[in-house]
Amino acid sequence: MGRRGPWCERAESAYVGLMEDDGSRSEAAGRAAAIVGAGPAGLYALAALVRSDRFDRIDVFEAAPAPYGLVRYGVAPDHPKTRNISRVLARGFEHTRVRFLGNVSVGRDLTVDELRAGYDVVVVSTGMLGDRRLGIPGEDLPGSYGASELVAWYTGHPQAGAVQLPANLTSATVIGAGNVALDIARILAKDAATLRSTSMPRHVVDALAASTVTDVHLVARRGPAQAKFTSPELHELGALDGVDLVVDPADLELRPADEEAVAHDRHAKVTVDVCREWSQRPATGAPRRIHFHYWRRPVRILGDTAVTGIELEPTRDAGAPVLTLPTQLVVRAIGYHGRPIPGLPFDEAAGTVPSRDGRVIADGAVVAGVYVTGWLRRGPTGVIATNRGDANEVAESVLADLDTLPERPSDPDGVDKLLAERGVRVVTWVDWLRLEAHEKATGDAAGGDPIVVHDLATALEVIDAAG
Numbered sequence: 001m002g003r004r005g006p007w008c009e010r011a012e013s014a015y016v017g018l019m020e021d022d023g024s025r026s027e028a029a030g031r032a033a034a035i036v037g038a039g040p041a042g043l044y045a046l047a048a049l050v051r052s053d054r055f056d057r058i059d060v061f062e063a064a065p066a067p068y069g070l071v072r073y074g075v076a077p078d079h080p081k082t083r084n085i086s087r088v089l090a091r092g093f094e095h096t097r098v099r100f101l102g103n104v105s106v107g108r109d110l111t112v113d114e115l116r117a118g119y120d121v122v123v124v125s126t127g128m129l130g131d132r133r134l135g136i137p138g139e140d141l142p143g144s145y146g147a148s149e150l151v152a153w154y155t156g157h158p159q160a161g162a163v164q165l166p167a168n169l170t171s172a173t174v175i176g177a178g179n180v181a182l183d184i185a186r187i188l189a190k191d192a193a194t195l196r197s198t199s200m201p202r203h204v205v206d207a208l209a210a211s212t213v214t215d216v217h218l219v220a221r222r223g224p225a226q227a228k229f230t231s232p233e234l235h236e237l238g239a240l241d242g243v244d245l246v247v248d249p250a251d252l253e254l255r256p257a258d259e260e261a262v263a264h265d266r267h268a269k270v271t272v273d274v275c276r277e278w279s280q281r282p283a284t285g286a287p288r289r290i291h292f293h294y295w296r297r298p299v300r301i302l303g304d305t306a307v308t309g310i311e312l313e314p315t316r317d318a319g320a321p322v323l324t325l326p327t328q329l330v331v332r333a334i335g336y337h338g339r340p341i342p343g344l345p346f347d348e349a350a351g352t353v354p355s356r357d358g359r360v361i362a363d364g365a366v367v368a369g370v371y372v373t374g375w376l377r378r379g380p381t382g383v384i385a386t387n388r389g390d391a392n393e394v395a396e397s398v399l400a401d402l403d404t405l406p407e408r409p410s411d412p413d414g415v416d417k418l419l420a421e422r423g424v425r426v427v428t429w430v431d432w433l434r435l436e437a438h439e440k441a442t443g444d445a446a447g448g449d450p451i452v453v454h455d456l457a458t459a460l461e462v463i464d465a466a467g
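Read left to right, the sequence shown gives residues 1 to 467 (full-length UniProt numbering).
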């Protein structure tokens with residue numbers, strides 16, 4: 001994900017606007033809401049529900065021990081300004097009616113039905129945790145990853161799987177034409193010494209420093225006029241020290257559809273112009289190179305016990321030969337895909353929870369009191385501020401339905417009792433602030449940004465020691 005820009009400022013102003021008191025507040029009506037997922041989508045929904053003043057308790061459940069979702073675990077560590085939005089998102093937890101329950105996974109520690117029994121309203125905002133697949137031979141070989149796996153690894157998500165950069169890594173291939181693909185290509189090609197001042201966990205920096213990668217190949221099935229890169233990320237890539245950018249001028253020849261896009265889309269024109277400038281740069285003999293392969297798609301990942309290469313067929317010139325690239329690492333960054341949550345309907349093809357105006361739909365009928373927002377509702381589109389629209393729609397639906405929903409059970413501590421009985425170590429907001437302070441102190445000592453604590457056991461040890 002990219003650097004701070006106007007979209008981030010819009011996200012901040014949108015959130016502040018949701019939290020402001022409009023003078024029409026009434027006494028809370030004794031209702032309770034659960035929000036599942038503490039990323040931007042969930043916290044925009046929190047802001048809208050707090051502002052409504054219809055709830056005397058709002059509990060925010062998060063599987064990680066820390067809030068903020070992709071702001072913390074999706075934004076590239078070398079883009080710290082984008083993460084500043086977290087200071088604004090945190091404001092919802094200043095209200096005494098709001099609780100943070102981290103390290104609680106709905107589907108593992110609690111069921112959706114248990115939440116429905118304990119709260120009048122359940123808003124699900126867990127985002128999309130999986131990756132779309134290429135559907136080609138060799139995709140499951142060691143050395144082949146989804147973008148979410150790499151991103152979780154280098155941002156320090158405690159549930160990240162074991163990512164092992166191949167010991168013989170000299171060539172990496174990233175499939176995709178969006179900012180996530182650019183982020184991954186940049187992180188792999190960048191001088192690791194520049195990452196030591198970021199929030200990136202030290203073991204990841206060490207792994208990147210030990211890498212012998214010299215070439216990163218970025219593959220897009222269409223051309224630069226159709227790419228989803230944004231201008232700041234492109235210009236940042238072009239300014240990397242120690243990296244040559246390689247673009248085939250033939251890939252930049254515009255056909256009628258491309259000319260139409262460039263004529264009517266400033267973004268497309270900028271991307272084409274930047275790539276043309278790169279294609280004219282002389283090679284400098286830099287130690288690393290990023291190669292752009294437009295109009296290609298992968299058809300096979302090669303290797304017996306690990307990735308050794310990838311075959312790319314042309315998508316524009318049918319007579320062109322298949323290109324075989326030697327590579328030891330393949331990362332597919334072709335889009336995120338949701339994962340089903342037990343107890344909720346799920347559209348496997350879209351990777352979303354079916355809904356209407358934010359109301360969850362199962363077998364054509366509304367599931368009373370259950371709502372969905374963010375990517376799990378609309379798919380992986382938009383920027384942070386896009387979630388404000390979802391928050392508004394969900395809040396409107398919730399408030400329209402609230403008086404028709406049955407009262408919650410008389411035991412407001414029922415969910416807390418279940419978690420205690422199951423031995424779940426709940427991370428509270430105070431706990432999170434202790435962990436956050438530790439990360440800041442560690443970063444300050446190293447002369448850089450707060451360093452993310454990447455494993456749950458250490459996070460809990462830090463919290464307990466600070467208590």
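The C-beta atom is built at its ideal place from N, Cα and C for all residues, glycine as well.
No experiment lies behind these values; they were computed from the predicted model shown.
R359 carries a strand assignment under DSSP once its states are collapsed to helix, strand and coil. Looking from the CA of R356, the closest CA among G30, L376, T155 belongs to L376.
With a cutoff of 7 Å on beta-carbon distance, T173 and H217 are scored as near each other. For the options S125, R72, V36, the alpha carbon positioned closest to that of F100 is the one of V36. Residue environment for V430: exposed (fewer than 16 other C-beta atoms within 10 angstroms of its C-beta). The alpha-carbon of P450 is positioned some 38 Å away from that of I310. According to the DSSP assignment, A368 belongs to the beta strand (DSSP E) that extends over 365 to 372. Within the region 307 to 350, the beta strand (DSSP E) runs of at least 3 residues that lie entirely inside it are, in chain order, 309 to 314, 323 to 326, 329 to 332. Just measuring C-alpha positions, the residue of L245, C275, A227 sitting nearest I334 is A227. By the C-beta density criterion, D183 is buried, having at least 16 other C-beta atoms within 10 angstroms. Of the other Cβ atoms in all chains shown, fewer than 16 fall within 10 Å of the Cβ of A320; this residue is therefore exposed. Counting of Cβ neighbours within 10 angstroms places P256 among the exposed residues, the total staying below 16. At a Cβ-Cβ threshold of 7 Å, L329 and G143 count as neighbours. Around H95, the same chain offers V50 as residues with beta carbons nearer than 7 Å, after the five sequence neighbours per side are excluded. In terms of CA proximity to G389, T373 leads the group D131, T373, T404. The Cβ atoms of T352 and G382 lie no closer than 7 Å to each other. One thing to note: Y119 has its Cβ within 7 Å of the Cβ of A32. A direct Cα-to-Cα measurement between R91 and V331 gives close to 36 Å. When G161, T111, E139, V121 are compared, the shortest CA-CA separation from L129 is found for G161.
For D59, the uninterrupted beta strand (DSSP E) segment begins and ends at 55 to 62. Beta-bridge annotation (DSSP): R289 is paired with D215, D244. With fewer than 16 other CB atoms across the displayed protein chains lying within 10 angstroms of its CB, R422 is exposed. Of the other Cβ atoms in all chains shown, fewer than 16 fall within 10 Å of the Cβ of T305; this residue is therefore exposed. By a beta-carbon distance limit of 8 Å, H291 does not contact L312. Their separation comes to about 11 Å. The shortest CA-to-CA distance from A239 to any of A286, E253, A207, S211 is the one to A286.
Note on geometry: alpha-carbon atoms of L435 and R72 lie some 13 Å from one another. Each of I301, W432, E236 was checked against the Cα of D78, and the nearest Cα belongs to E236. Of the other Cβ atoms in all chains shown, fewer than 16 fall within 10 Å of the Cβ of K440; this residue is therefore exposed. H264 sits exposed, since fewer than 16 C-beta atoms from the chains shown fall within 10 Å of its C-beta. Y294 has no beta-bridge partner at all, per DSSP.
Taking all protein chains shown into account, L405 has fewer than 16 neighbouring C-beta atoms within 10 Å of its C-beta and is therefore exposed. Within its own chain, the residues whose Cβ lies closer than 6 Å to the Cβ of R316, once the five positions on either side in sequence are excluded, are W295, listed in chain order. In this structure V98 touches I58 by the C-beta definition: roughly 5 Å separates them, less than 8 Å.
Between the alpha carbons of L402 and L46 lies a gap of roughly 16 Å.
For a cut-off of 8 Å, the C-beta gap from P65 to A362 is around 31 Å, too long to register as a contact.
Closest in alpha carbon position to G127, among L43, T230, G369, P166, is L43.
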